[in-house]
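Have a look at the structure below, then the notes.
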Amino acid sequence: MNAPQFLAALHELCDVCAGTIQKNSVLQDIPGWSSMTFIGLIAMLDEEFGVRIAPGTILRCHTVEDLIEEVAAEQKSAKMAA
Amino acid sequence: MQAILKAIEYYLPPRILDNPQLCVVAPNWSPQKIQSKTGIEERRISEEEELSSDLAVKAVTKLFESGACKPNEIDYLMLCTQTPDYFLPTTACLLQNRLGLPTTCGALDFNLGCSGFIYGLGMAKGLIETGQASNVLVVTAETYTKFITPTDMSVRALFGDAAAATLVSAQDSHSAETPGIGPFVYGTDGKGAKNLIVQTGGMRKPVAGFASGGGDEDADEHVLTPPTLYMNGPEIFLFTLDAVPELVAGICSRASITFDDVDLFVFHQANEYMLRHLRDKIEIPPERFFVSMSHCGNTVSSTIPIALKEAHKAGRLKPNARVMLVGFGVGYSWGATMLRWAM
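Chains A and B are the protein sequences, given in the same order.
Whatever position you read off the first sequence (first residue = 1), add 56 for my numbering.
Whatever position you read off the second sequence (first residue = 1), add 38 for my numbering.
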């Protein structure tokens, strides 16, 4: 996974114009962020990035970059386990 | 004798809460967004004085009026509800009287949510195939909206009130290899209790004035706010990602079938967005996966019988069709079964 790929998926999920979300965007301040987007994010992480991240962990991510790092770490540990 | 599902009717209260109405209290949402994220266009809301028992009476009365059976033929009534009229007596006992069922009829309530219909079918099959009953009414009725605060969109956009009445009857066995209902797979994990809960109003956190009989109250112990539904949607969704694929695999294994042997898959209608994700993850062909919730929302234990009724009306269920039913949610509790369509 790379950051542009993740950002593109996040734009699609939140239904916002390209460039709206940056790596340093605060996750909970993203336009269109809601309880339903949160569920969509979990679905997106599962479907497109093959990881399951606990909602509590996602909530601890302040920025989009924090979440990208969390996803990358989860993918790495899943690879090592396999 | 074997148990078969003989008839289904359901009832929705008349008051509609549609997406434009919802957006009045949540201006950062749009009707289209709610529709695309939930698959729901409107949900039905019970009136203040309209209780689960009232919805149940309407659903069962429709069933009797359909000619499926007469009140005096019912020898067992079970009501699945988490919004009973009282702590006691059992709401099913009230229903026996209001519906004019024989006093020789067994009646019980059971407290389950989204998995409740599967458990009801399991108990009905047990009663019938052990010769304890011949015509079992499995009634599901909920008024979750009474627990919902108007500004909590995470639950208000999803849940609607409803009741469904399902008649499970005995018929002579034709073949042990093709049961009318079954086999069953069940599951429970109480660790998830906190993620979908009404914390107050029971004995652990009584509402103010209740435990002390209306006398002195300790505000630290007695909750002052009315019972309110709390749902941690992301945690619930994560649970379904783990539990549901395993549940589907479990019922296929127990029934010795593959997906090719299933004519229609009917899951608990939690939220269409989640359902589509689960469907794709489990690799169920879309044309054999039935969703029907846009007109009523998530009606908890009634979603599966409502979807079955709608699938039947839409011509998606031919006689003898094999249907997989999958329920999952509050508890956590889950269950699945196979159904041979007999209507």
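Just so it is clear, CB atoms sit at the ideal spot from N, CA and C, and this is done for glycine as well.
Since this is a predicted model, take the numbers as computed values, not measurements.
Name, in chain order, the residues that DSSP records as bridge partners for residue i.
i: tryptophan 383(B); result: With chain B represented from 39 up to 381, any question about residue 383(B) goes unanswered, as that position is not in the structure.
i: threonine 178(B); result: Cys118(B), Ala202(B)
i: asparagine 135(B); result: Answer is none; asparagine 135(B) lacks a bridge partner.
i: arginine 378(B); result: Arg360(B)
i: alanine 162(B); result: Bridge partners of alanine 162(B): none, in fact.
i: glutamate 47(B); result: Ala203(B)
i: tyrosine 157(B); result: According to DSSP, which records beta bridges pairwise, tyrosine 157(B) is partnered with nothing at all.
i: alanine 145(B); result: Leu115(B)
i: arginine 81(B); result: Leu55(B)
i: threonine 119(A); result: Val82(A)
Any beta carbon from chain A within less than 7 Å of residue i's own beta carbon?
i: phenylalanine 275(B); result: yes
i: glycine 271(B); result: yes
i: histidine 306(B); result: no
i: serine 153(B); result: no
i: serine 332(B); result: no
i: leucine 279(B); result: yes
i: serine 68(B); result: no
i: lysine 232(B); result: no
i: lysine 75(B); result: yes
i: tyrosine 268(B); result: no
i: methionine 362(B); result: no
i: leucine 55(B); result: no
i: serine 84(B); result: no
i: histidine 350(B); result: no
i: serine 294(B); result: no
i: serine 339(B); result: no
i: glutamate 47(B); result: no
i: serine 104(B); result: no
i: serine 192(B); result: yes
Residue i: beta carbon under 6 Å from a heavy atom of the ligand FAD?
i: alanine 99(A); result: By its list of ligands, the structure shown contains no ligand whatsoever, and the ligand FAD lies outside what it can speak to.
From the options, pick the residue whose C-alpha is nearest to that of residue i; which is it?
i: glycine 365(B); options: Ser340(B), Ala352(B), Leu355(B), Ala349(B); result: Ser340(B)
i: proline 221(B); options: Thr187(B), Met269(B), Lys44(B), Gly288(B); result: Gly288(B)
i: glycine 369(B); options: Asp210(B), Tyr224(B), Lys243(B), Leu377(B); result: Tyr224(B)
i: threonine 303(B); options: Glu111(B), Pro323(B), Ser294(B); result: First, the residue type needs correcting, since residue 303(B) is phenylalanine and not threonine in the sequence shown. Closest by alpha carbon: Pro323(B).
i: asparagine 336(B); options: Ile219(B), His306(B), Ile186(B); result: His306(B)
i: valine 374(B); options: Gly353(B), His333(B), Arg292(B), Met331(B); result: Checking the sequence shown, residue 374(B) turns out to be alanine, not valine. Considering only alpha carbons, the answer is Arg292(B).
i: threonine 226(B); options: Asn57(B), Gly367(B), Pro58(B); result: Gly367(B)
i: lysine 356(B); options: Ser330(B), Arg326(B), Ile274(B); result: Arg326(B)
i: tyrosine 48(B); options: Lys347(B), Asn358(B), Arg360(B), Met376(B); result: Lys347(B)
i: glutamine 59(B); options: Leu234(B), Ala195(B), Thr278(B); result: Ala195(B)
i: aspartate 190(B); options: Tyr268(B), Asn233(B), Leu150(B), Leu285(B); result: Tyr268(B)
i: isoleucine 344(B); options: Ala41(B), Ile42(B), Gln40(B), Ile46(B); result: Ile46(B)
i: asparagine 309(B); options: Met362(B), Ile235(B), Val206(B), Val193(B); result: Val193(B)
i: isoleucine 124(A); options: Leu83(A), Pro87(A), Ile95(A), Cys70(A); result: Leu83(A)
i: threonine 93(A); options: Asn80(A), Val72(A), Gly106(A); result: Val72(A)
i: alanine 182(B); options: Glu85(B), Leu165(B), Thr141(B); result: The sequence given here places tyrosine at residue 182(B); alanine does not occur at that position. When only C-alpha atoms are compared, the closest one is Glu85(B).
i: alanine 281(B); options: Thr296(B), Asp113(B), Ile320(B); result: Ile320(B)
i: glutamate 87(B); options: Gly353(B), Asn57(B), Cys107(B), Asp123(B); result: Asp123(B)
i: glycine 164(B); options: Ala349(B), Met39(B), Met362(B), Met381(B); result: Met39(B)
i: glutamine 120(B); options: Lys71(B), Val177(B), Ile342(B), Phe328(B); result: Val177(B)
Going by other Cβ atoms of all chains shown within 10 Å of its Cβ, with 16 needed for buried, is residue i buried or exposed?
i: cysteine 118(B); result: buried
i: glycine 75(A); result: exposed
i: cysteine 143(B); result: buried
i: leucine 115(B); result: buried
i: leucine 50(B); result: buried
i: alanine 110(A); result: exposed
i: glutamine 134(B); result: buried
i: serine 371(B); result: buried
i: asparagine 5(B); result: Residue 5(B) lies beyond the residue range present for chain B, which begins at 39 and ends at 381; the question has no answer from this structure.
i: methionine 376(B); result: buried
i: methionine 241(B); result: exposed
i: aspartate 210(B); result: exposed
i: glycine 152(B); result: According to the sequence displayed, residue 152(B) carries cysteine and not glycine. Answer is buried; the Cβ neighbour count reaches 16.
i: serine 104(B); result: exposed
i: glutamate 180(B); result: buried
i: leucine 115(A); result: exposed
i: glutamine 170(B); result: exposed
i: lysine 232(B); result: exposed
i: threonine 113(A); result: exposed
i: methionine 331(B); result: buried
i: glycine 228(B); result: exposed
i: glutamate 80(B); result: buried
i: arginine 53(B); result: exposed
Against chain B, does residue i count as a neighbour if the rule is that its beta carbon must be under 7 Å from one of theirs?
i: methionine 57(A); result: no
i: methionine 100(A); result: no
i: serine 81(A); result: no
i: serine 133(A); result: no
i: phenylalanine 105(A); result: no
(message) Count Cβ pairs between the stretch 190 to 202 of chain B and the stretch 91 to 109 of chain B that sit closer than 8 Å; are there 3 or more?
(response) yes
(request) Determine contact between the stretch 89 to 103 of chain A and the stretch 308 to 316 of chain B, defined as no fewer than three beta-carbon pairs at a distance below 8 Å. (result) yes
(message) Can you confirm whether the stretch 66 to 81 of chain B touches the stretch 123 to 130 of chain B when touching is taken to mean that 3 or more C-beta pairs between the two stretches lie within less than 8 Å?
(response) no
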